[in-house]
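Some notes on the structure that comes next.
Residue numbers (full-length UniProt numbering): 1 to 318.
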């Protein structure tokens with residue numbers, strides 16, 4: 001098992017803020033928009049240096065999407081930011097009609113996604129957003145795993161022509177990917193090669209998958225771990241190559257088990273490489289108020305749960 005260590009923890013939303021700060025210095029076409037959540041989206045540095053390229057839309061998310069679509073007509077690259085629940089569920093119609101349908105170059109940047117929003121509770125913890133956004137034709141969907149990868153993804157999508165949904169979060173988590181990485185949209189990252197079971201994870205669950213891999217190694221189980229940071233376009237080739245080798249798979253995501261990463265993997269397998277699959281995800285329910293750690297434990301989204309799922313998948317191989 002390849003060892004991953006860390007010396008620092010940061011929230012992925014701060015990676016977005018750092019990426020925006022760098023883009024503000026490098027790309028004069030980048031414009032930041034926010035729905036009254038500047039501090040939560042970590043946009044202060046961008047705004048301080050580029051006050052003329054920031055639009056405060058207030059608590060008017062639908063209007064923010066419309067303004068963003070209009071900015072693209074003039075050649076600007078709008079980064080529209082708010083909480084994930086408001087960036088998708090509240091304004092899905094505007095995204096569908098004004099952005100996706102006409103293939104506008106809008107970057108929808110969504111913080112506080114999933115259960116780890118924590119104490120704000122179910123009304124703010126969207127668990128359906130990956131499924132909603134990946135179903136839109138032409139929409140690229142990205143869910144990076146740590147601060148460094150979120151910063152790299154933020155910078156990379158500015159050079160990508162087309163609508164993007166970038167998902168990140170609130171909790172402080174280990175930084176374990178390189179600071180100088182090149183983010184490749186649509187290309188899976190091989191975290192660890194193994195032979196007994198494939199663990200495919202996204203977002204905050206990648207670190208949990210690494211911890212699970214170490215626990216499995218201690219029990220003599222060799223896990224292959226893949227980070228699918230790009231939900232769409234989906235790296236089907238990497239998934240099929242791995243599962244052909246290991247013969248079974250676990251998918252891990254901070255999302256409803258319906259419509260997310262697990263479903264994308266299942267669709268790939270049913271077409272080409274049938275194999276046992278176990279889901280580590282929220283089981284078709286809303287969240288609730290609690291600390292991120294409490295919620296991850298209650299809803300079965302920890303390294304322990306990945307280990308248990310891996311053993312079930314391996315047992316089904318025989």
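Even for Gly, the Cβ is constructed at its ideal location relative to N, Cα and C. On a predicted model such as this, the values are computed, not experimentally measured, just so you know.
Judged by DSSP in its simplified three-state form, residue 123 adopts coil rather than helix or strand. With at least 16 other beta carbons inside 10 angstroms of its own, residue 81 counts as buried. In the DSSP annotation of this structure, residue 244 is not part of any beta strand (DSSP E); the continuous alpha helix (DSSP H) holding it starts and ends at 236–246.
In the three-state scheme derived from DSSP, where H, G and I count as helix and E and B as strand, residue 167 is classed as strand.
Distance between residue 63 and residue 57, taken at the CA atoms: about 7 Å. Of the residues 162, 95, 204, 18, the one whose Cα lies closest to the Cα of residue 47 is 18. For the pair residue 232 and residue 120, the Cα-to-Cα distance works out to about 28 Å. Here the alpha carbon of residue 202 sits roughly 31 Å from the alpha carbon of residue 67.
Sequence-distant partners of residue 292 (beyond 5 residues in either direction) whose C-beta falls short of 6 Å from its own C-beta, in its chain, are 116, 118, 171. When rounded, the separation of the alpha-carbon atoms in residue 166 and residue 228 is 13 Å.
For the pair residue 65 and residue 127, the Cα-to-Cα distance works out to about 21 Å. In the assembly as shown, residue 315 is an exposed residue. Its beta-carbon has fewer than 16 other beta-carbons within 10 Å. For residue 122 and residue 184, the gap between their C-alpha atoms comes out near 33 Å. Rounded to the nearest whole angstrom, the C-alpha separation of residue 27 and residue 136 is 27 Å.
Spanning the alpha carbons of residue 15 and residue 151 requires a straight line of approximately 4 Å. Taking 8 Å as the upper bound for CB-CB distance, residue 259 and residue 130 are in contact here, some 7 Å apart. With contacts defined as CB atoms closer than 8 Å, residue 243 and residue 278 fail to qualify as a contacting pair. Note on geometry: alpha-carbon atoms of residue 95 and residue 179 lie some 32 Å from one another.
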